[in-house]
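Undergrad: Residue numbers (the working numbering): 26 to 192.
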Amino acid sequence: MGKIRTAELDDAPYILSIFQLCDPFAKSTQRSLNISLIDVMDWLENATEKHPMLVFEEAESIIAWCSIEPFYGLPAFDTASEISLYVSPQWQAKGIGKKLIQYVEMQQASIGFTHLVAYIYASNTKSQTFFEKQMFQQWGSLPNIAQQQNEREDVYLYGKIYGASDS
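1. Taking the alpha-carbon positions, what's the Gly-165 to Leu-182 distance?
2. Take Gly-184 and list the residues in its own chain whose beta-carbon comes closer than 7 Å to its own, dropping the five residues that flank it on each side.
3. Ends of the alpha helix (DSSP H) at Thr-150?
4. Within the same chain, show all residues whose beta-carbon is closer than 7 Å to that of Pro-168, passing over the 5 residues directly before and after it, in chain order.
5. If you reduce the DSSP assignment to three classes, tell me which class Ile-170 lands in.
6. Taking only three categories from DSSP, how would you classify Glu-178?
7. For Ala-84, which residues in the same chain have their Cβ closer than 8 Å to its Cβ, ignoring the five residues on either side in sequence?
8. Does Gln-127 come out as helix, strand or coil in the three-state DSSP assignment?
9. How is Gln-115 classed by DSSP in three states: helix, strand or coil?
10. Rank Ile-43, Asn-59, Met-26 by C-alpha distance to the C-alpha of Gln-174 and give the top, closest one.
11. What separation, rounded to the nearest whole angstrom, lies between the Cα atoms of Lys-67 and Glu-107?
12. Is Ser-61 helix, strand or coil when you go by DSSP?
13. Express the C-alpha separation of Asp-103 and Phe-138 in angstroms, rounding to a whole number.
14. Looking at the structure shown, is Ala-37 part of a helix, part of a strand, or coil, going by DSSP?
15. The beta strand (DSSP E) with Ala-89 in it runs from where to where?
Below you can see the structure in the form of structure tokens.
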């Protein structure tokens with residue numbers, strides 16, 4: 026079932042649509058006006074072999090995407106990466122996210138990360154549960170850091186260590 030491949034520029038509208046369907050701020054505020062097709066195209070143009078953007082296709086439709094991005098931007102953090110993963114709502118809880126995580130983990134040596142970090146809204150308990158099932162642990166909390174209009178929300182940091190010092 027399904028196929029994972031490197032995202033292409035033509036995938037940008039589908040990636041944006043999935044992002045807007047999954048982002049809680051896009052649903053409740055005007056954030057969807059802040060993330061545009063140009064932004065997604067920029068994400069795609071900045072993707073590399075070490076920081077790929079992937080899509081999951083089912084019956085030639087893009088139903089999920091995942092990106093691996095630099096964690097902080099300083100050389101000391103080069104082996105840490107941020108993971109973002111979005112699955113279309115009608116495809117959630119069907120193993121798509123798990124397949125994307127497993128694919129990324131199988132590429133761990135070639136991508137070169139030792140740590141993956143995910144930022145998850147405090148209200149997004151489904152994502153917290155998903156990442157916990159993938160053996161990520163909550164490493165921290167950023168109180169009221171997510172802001173949009175009059176809404177504020179905590180963001181949790183989830184992480185997983187790879188290699189000889191797995192935990």
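Backbone N, C-alpha and C fix where the C-beta goes; we use that ideal spot for every residue, glycine too. Keep in mind it's a predicted model, so treat the numbers as computed, not measured.
TA: Per the coordinate set shown:
1. 5 Å
2. His-140, Leu-141, Val-142, Phe-161, Gln-162, Trp-164
3. 150-158
4. Asp-179
5. strand
6. DSSP places Glu-178 in strand when its eight states are reduced to three.
7. none
8. Annotated three-state conformation of Gln-127 is helix, per DSSP.
9. Reduced to three states, the DSSP call for Gln-115 is helix.
10. Asn-59
11. Rather than Lys, the amino acid found at residue 67 in this sequence is Asp. Linking Asp-67 to Glu-107 through their CA atoms gives a straight-line distance of about 17 Å.
12. coil
13. Roughly 8 Å between the two C-alpha positions.
14. helix
15. 86-95
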